[in-house]
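Using full-length UniProt numbering, the first residue of the sequence shown is number 1, and each one after it goes up by one. Cβ atoms here follow ideal geometry from the backbone N, Cα and C, with glycine treated the same way. All values reported here derive from a predicted model rather than from experimental measurement.
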Amino acid sequence: MEVCVIAKCTYKSETIMFSVSSESSMVDILKTLCLRFRGLQLGCFTLRYSVPSYPSCFLETDSDLDLMRTFLLISNEKTVDILVKDLCGISEYSGDFCVNKELMACEKGESSCSSTIEDRNEFLGRSKRASAKPLLSNEWETYIHHVGQKFDGGAEEFRLKLCKYALEV
């Protein structure tokens, strides 16, 4: 029995799983993702995956897929997290252009897919320092005036000021 790796693909807030074998190709994976995730268009997304010591690896071509699978098997890992990032919201991608570009790239083995954490802006509320304590870096704001500036205390004084940068009292 052939050993397969289970791919856990996340797009927005949804996750699907499927097996990746030595027979799997990027075209198969891309089609599966487009069929399973509503609104995802071929060519308008990238894929990235994460393995120990390498948190953001591109997954674009069949050779990337083979390398990922081999690395996981050697590492005795049975699953891999693949993150799907939608690019159609970006101005350089739109509608049919994405599809045609991706189809041509897939045929040439140059797909633009990669797996990464989805970028989102999160509302953090009204950020404000808890107290009115001055920062040690307040002095830093007026310390550097121009490129090539000489410091009275030399490198030691500069290093001390640099160490205090952005630390609270």
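From the DSSP secondary-structure annotation, give me the bridge partner or partners of residue i.
{"i": "residue 21", "result": "Answer is none; residue 21 lacks a bridge partner."}
{"i": "residue 80", "result": "7"}
{"i": "residue 16", "result": "9"}
{"i": "residue 85", "result": "46"}
Roughly how many angstroms separate the alpha carbons of residue i and residue j, rounded to a whole number?
{"i": "residue 159", "j": "residue 19", "result": "53 Å"}
{"i": "residue 115", "j": "residue 81", "result": "At residue 115 the pLDDT is 43, less than 50, meaning the model places this residue with poor confidence and gives no usable figure here."}
{"i": "residue 55", "j": "residue 7", "result": "15 Å"}
{"i": "residue 86", "j": "residue 150", "result": "49 Å"}
{"i": "residue 44", "j": "residue 53", "result": "28 Å"}
{"i": "residue 38", "j": "residue 47", "result": "16 Å"}
{"i": "residue 40", "j": "residue 74", "result": "32 Å"}
{"i": "residue 78", "j": "residue 88", "result": "31 Å"}
{"i": "residue 247", "j": "residue 35", "result": "Lying outside 1 to 169, the shown extent of the chain, residue 247 is not represented and no answer is given."}
{"i": "residue 57", "j": "residue 84", "result": "12 Å"}
{"i": "residue 16", "j": "residue 28", "result": "15 Å"}
{"i": "residue 2", "j": "residue 76", "result": "14 Å"}
{"i": "residue 157", "j": "residue 4", "result": "59 Å"}
{"i": "residue 32", "j": "residue 11", "result": "13 Å"}
{"i": "residue 50", "j": "residue 13", "result": "18 Å"}
{"i": "residue 155", "j": "residue 30", "result": "55 Å"}
Count the other CB atoms, across all protein chains shown, that sit within 10 Å of the CB of residue i; report buried if there are 16 or more and exposed otherwise.
{"i": "residue 64", "result": "buried"}
{"i": "residue 60", "result": "buried"}
{"i": "residue 42", "result": "buried"}
{"i": "residue 147", "result": "exposed"}
Between which two residues does the beta strand (DSSP E) harbouring residue i extend?
{"i": "residue 46", "result": "45-51"}
{"i": "residue 57", "result": "54-58"}
Over the uninterrupted alpha helix (DSSP H) stretch that includes residue i, give me the two end residues.
{"i": "residue 71", "result": "62-74"}
{"i": "residue 27", "result": "26-36"}
Please confirm if the stretch 61-70 is in contact with the stretch 22-32, defined as three or more CB-CB distances below 8 Å between the two stretches.
Counting Cβ pairs under 8 Å, three or more are found: they touch.
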